[in-house]
Amino acid sequence: MSGENILGRIRSIIDILPGSEKKIGLAVLEDPSAVIGMTAAELSKVAGASPATVIRFCKKINIPSFTQLKIKLSAEIDSPVQEGYSDITENESIQELKAKLLANAYQSMQETVALIDEQQVDQVVDLLINAPIIYVFGVGASSLVAENIFQKWNRAGKTVVHVRDPHVLITILISAPEQAVFFAISNSGETKEVLQLVELAKKYQLHTVGLTQFGMNSLASKVELPLQTVRSNEAVVRSAATTSLHNQFIVIDILFYAYASRNFDEMIDRIQESKSEVRQFDRK
Numbered sequence: 159m160s161g162e163n164i165l166g167r168i169r170s171i172i173d174i175l176p177g178s179e180k181k182i183g184l185a186v187l188e189d190p191s192a193v194i195g196m197t198a199a200e201l202s203k204v205a206g207a208s209p210a211t212v213i214r215f216c217k218k219i220n221i222p223s224f225t226q227l228k229i230k231l232s233a234e235i236d237s238p239v240q241e242g243y244s245d246i247t248e249n250e251s252i253q254e255l256k257a258k259l260l261a262n263a264y265q266s267m268q269e270t271v272a273l274i275d276e277q278q279v280d281q282v283v284d285l286l287i288n289a290p291i292i293y294v295f296g297v298g299a300s301s302l303v304a305e306n307i308f309q310k311w312n313r314a315g316k317t318v319v320h321v322r323d324p325h326v327l328i329t330i331l332i333s334a335p336e337q338a339v340f341f342a343i344s345n346s347g348e349t350k351e352v353l354q355l356v357e358l359a360k361k362y363q364l365h366t367v368g369l370t371q372f373g374m375n376s377l378a379s380k381v382e383l384p385l386q387t388v389r390s391n392e393a394v395v396r397s398a399a400t401t402s403l404h405n406q407f408i409v410i411d412i413l414f415y416a417y418a419s420r421n422f423d424e425m426i427d428r429i430q431e432s433k434s435e436v437r438q439f440d441r442k
């Protein structure tokens, strides 16, 4: 079953849609219940756009047709995901900050979980199971997500290479074994170094997986299998990525547990063995 969260998808990309498609998106967000009973021509008239724009809009949110959009909207309205992001203000108490951060994190992760394409997660798990080695790369905050993948899958008995220097990684990728996987991470989907390494990985016939935010960005279009998070309303005042990291980490957790479930006995043995060796090391 594919991820849904139609209203979340629209909210994620509404600000970057072309003018006429944005009008369609705003009309859907304003009254999704009414849209369910409309034809494409009726929606286009309400929004002040053309019927062809409705179809283009559906494609932008990865829905094949307006009929499918109405079906999915109908199912979603029965159990809506409410928008609830909030930014900090001056001189807030610690209690208020805790409440806001918790609400933002929960909201973004809830929407990302609803968005995740389960079939693609299964396909990525297949690639990781069969891969003799996994290479991961991200820049800045995305490097933290790459480190998380490195820690998790190495402990699970899979060889993972995480190199922060792209020049060093280039020399490693060109000698990658058959069926190796390159896992690229970029929230924007437009990080230059990440995109260049994806092209190199494809040139040397590695499988490519990308983790990025929802929408038609370069990373999602270049990789073999994209995993996407909701495009969160990041706080204006912030020292580092916050909700975007929460979103990326929850996707990696889901991917890891899906991988672990498919390799349960082996995973238990590996984890027990690693714990035992760590204890032995600490005693020396």
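Every position in the sequence shown, counted from 1, becomes a number in my numbering once 158 is added.
We put the CB at the ideal spot given by N, CA and C, even for glycine.
Q. Of the residues Ile330, Ala272, Val283, which one's Cα is nearest the Cα of Ala416?
A. Looking at the Cα atoms, Val283 is the closest of the given residues.
**Q.** Beta-carbon gap between Pro222 and Ile291 smaller than 9 Å
**A.** No; because the gap between Cβ atoms is not below 9 Å, this pair is not in contact.
Q | Residue of Met425, Ala304, Ile408 minimising C-alpha distance to Arg322 | A | Selected option, being the one with the closest Cα: Ala304.
Q. Buried or exposed: where does Gln406 fall if 16 or more other Cβ atoms within 10 Å of its Cβ makes it buried?
A. So Gln406 ends up on the buried side.
Q) Hey, Ile287 and Arg389 are a contact pair by Cβ (cut 8 Å); roughly how many whole angstroms apart? A) 30 Å between Cβ atoms; not a contact.
Q: For Arg169, count neighbouring C-beta atoms within 10 Å of its own C-beta (all shown protein chains included) and say buried if the count is 16 or more, exposed if not.
A: Burial call: buried.
Q. Within the chosen definition, does the region 370 to 389 reach the region 248 to 255 through at least 3 CB pairs nearer than 8 Å?
A. Touching, no, given that fewer than three Cβ pairs across the two stretches are closer than 8 Å.
Q: Take the Cβ of Val318 as the centre, count every other Cβ of all protein chains shown within 10 Å, and call the residue buried at 16 or more, exposed below.
A: Under this definition Val318 is a buried residue.
Q. Helix, strand or coil: how does DSSP classify Gln363 here?
A. Look at Gln363 here: in three-state DSSP terms it is coil, with no helix or strand label.
Q.
When you compare the CB positions of Val294 and Ile408, do they come within less than 9 Å of one another, or not?
A. In this structure, Ile408 does not lie closer than 9 Å to Val294 by Cβ.
Q | Beta carbon of Leu383 nearer than 9 Å to that of Leu302 | A | Not a contact, by the Cβ cut-off of 9 Å.
Q) Going straight from the alpha carbon of Ile182 to that of Ile307, what length do you get? A) Approximately 38 Å between the Cα atoms of the pair.
Q: On the DSSP bridge assignment, give the partners of Gly368 in chain order.
A: In the DSSP output, where bridge partners are listed per residue, Gly368 has Ala342, Pro384.
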